[in-house]
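Visitor: Residue numbers (my numbering): 1456 to 1757. One structure is given below, represented as structure tokens, and several questions about it will come after.
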């Protein structure tokens, strides 16, 4: 009689099958936890934004391929440089806001790259790239920021980076195409990972204001605040048609940043090349120092 060989591997196959079932169950549990966490994050984001309304729905199809910003109260023409001077809590402060000829694709939108620097008592404290785009209804959207911080002239980090579409961050309207005085706050930008929810409202139009760079009787005033940082207070911004922001003031508390426009400069070719190179250098640094920024594509000339 020929005996049937004993299958010595059967227990091992049974054990492998059991382990596979356990692994599948674990993966399913992790997926469920992630889905639950994602749902909780989205719910938390919706609740955070509740104090502010959305003026429009953000969609890449509503923006042109070439970034052009000619909004009446917030124009951004490449080669334009606004210089504002004032103080922060009594300390001399200077901001240089420069519109480059670079664009960066963010969440499907070709955004215009703005480079601005902040100096305190003549020393650099912040160098920042910000990204704006204007949709078909002339709304100017803020799509993100890469600010580097400095102390005693030394780079100390870039902890406040946010980019639309990354880590729950969402674009907001910085200046609407159609402006109306209102008591309702609207979203200018939202980045839950850094507790950033800037909201604003138009508080007055056709006001008369003078700054060192000149006077206007067609000034539009907005009040802005970070809802997630109540101690940051409320800031006022004064906009002139065809120019942009000419003055920054404080609504509350009594101390804070105040700036006046002292000059508007049209950069020549050489100055523009220098600005472009500095902005591209800052863009490259962003890929080194920010994980969020690495999700973007490099800025390029348009």
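All residues carry an ideal CB built from backbone N, CA and C; glycine is no exception. Since this is a predicted model, take the numbers as computed values, not measurements.
Could you check whether residue 1631 and residue 1597 sit closer than 8 angstroms to each other, using their CB atoms as the reference points?
Guide: The residue labelled residue 1597 in the question sits at position 142 within the chain shown. The residue labelled residue 1631 in the question sits at position 176 within the chain shown. No, Cβ-Cβ distance for residue 1597 and residue 1631 is not below 8 angstroms.
Visitor: Which stretch, first to last residue, makes up the beta strand (DSSP E) that contains residue 1564?
Guide: Numbered from 1 along the chain shown, position 109 holds the residue referred to as residue 1564. Start and end: 1564 to 1575.
Visitor: Can you tell me the Cα-Cα spacing of residue 1638 and residue 1689, whole angstroms?
Guide: As a position in the chain shown, residue 1638 is number 183, starting the count at 1. As a position in the chain shown, residue 1689 is number 234, starting the count at 1. Approximately 14 angstroms between the Cα atoms of the pair.
Visitor: Using a Cβ-Cβ cutoff of less than 7 angstroms, which residues in the same chain neighbour residue 1681 once the five nearest sequence positions on both sides are dropped?
Guide: In the chain shown, the residue the question calls residue 1681 occupies position 226. Same-chain partners within the cutoff: 1651, 1652, 1653, 1687.
Visitor: Here's the rule I'm using: 16 or more other beta-carbon atoms within 10 Å means buried, otherwise exposed. How should residue 1546 be labelled?
Guide: Translated into positions along the chain shown, residue 1546 becomes position 91. Answer is exposed; the Cβ neighbour count stays below 16.
Visitor: Chain B beta carbons: is any one of them nearer than 8 angstroms to that of residue 1684?
Guide: Looking at the structure shown, chain B is missing, and only one protein chain is on hand.
Visitor: Check the DSSP bridge columns for residue 1746 and list the partner residues they point to.
Guide: For the purposes of this step, residue 1746 is taken as residue 291 along the chain shown, with counting starting at 1. According to DSSP, residue 1746 bridges with nothing at all.
Visitor: Under the criterion of a Cβ to heavy atom distance below 7 angstroms, does residue 1551 qualify as lining the ligand ZN?
Guide: Among the ligands in the structure shown, none appear at all, so the ligand ZN cannot be discussed.
Visitor: Please report the distance separating the alpha-carbon of residue 1671 from that of residue 1524.
Guide: Mapped onto the chain shown, residue 1671 falls at position 216. Mapped onto the chain shown, residue 1524 falls at position 69. Whole-angstrom Cα-Cα distance: 22 angstroms.
Visitor: Taking residue 1759 as the reference, which of 1649, 1527, 1606, 1683 has the closest Cα?
Guide: Here the chain covers residues 1456 to 1757 and nothing more, so residue 1759 does not appear.
Visitor: Pick helix, strand or coil for residue 1621, following the three-state DSSP scheme.
Guide: Within the chain shown, numbered from 1, the residue matching residue 1621 stands at position 166. The answer is coil: DSSP assigns residue 1621 none of H, G, I, E or B.
Visitor: Please give me, in chain order, every unbroken run of the beta strand (DSSP E) with length at least 3 that falls completely inside the region 1646 to 1688.
Guide: Counting only runs of 3 or more, we get 1651 to 1666, 1669 to 1681.
Visitor: Hey, is the region 1504 to 1518 in contact with the region 1699 to 1708, meaning 3+ C-beta pairs nearer than 8 angstroms?
Guide: In short, these stretches do not touch, since the Cβ pair count stays below three.
Visitor: Please work out which residues of its chain come closer than 8 angstroms, Cβ to Cβ, to residue 1679, disregarding the five sequence neighbours upstream and downstream, and give them in chain order.
Guide: Taking the chain shown and counting its residues from 1, one reaches residue 1679 at position 224. Result list for residue 1679: 1643, 1653, 1654, 1655, 1689, 1690, 1691, 1692, in chain order.
Visitor: Look at the alpha carbon of residue 1554 and the alpha carbon of residue 1608, and state the distance between them as a whole number of angstroms.
Guide: Within the chain shown, residue 1554 is the residue found at index 99, counting from 1. Within the chain shown, residue 1608 is the residue found at index 153, counting from 1. Between residue 1554 and residue 1608, the C-alpha separation is close to 24 angstroms.
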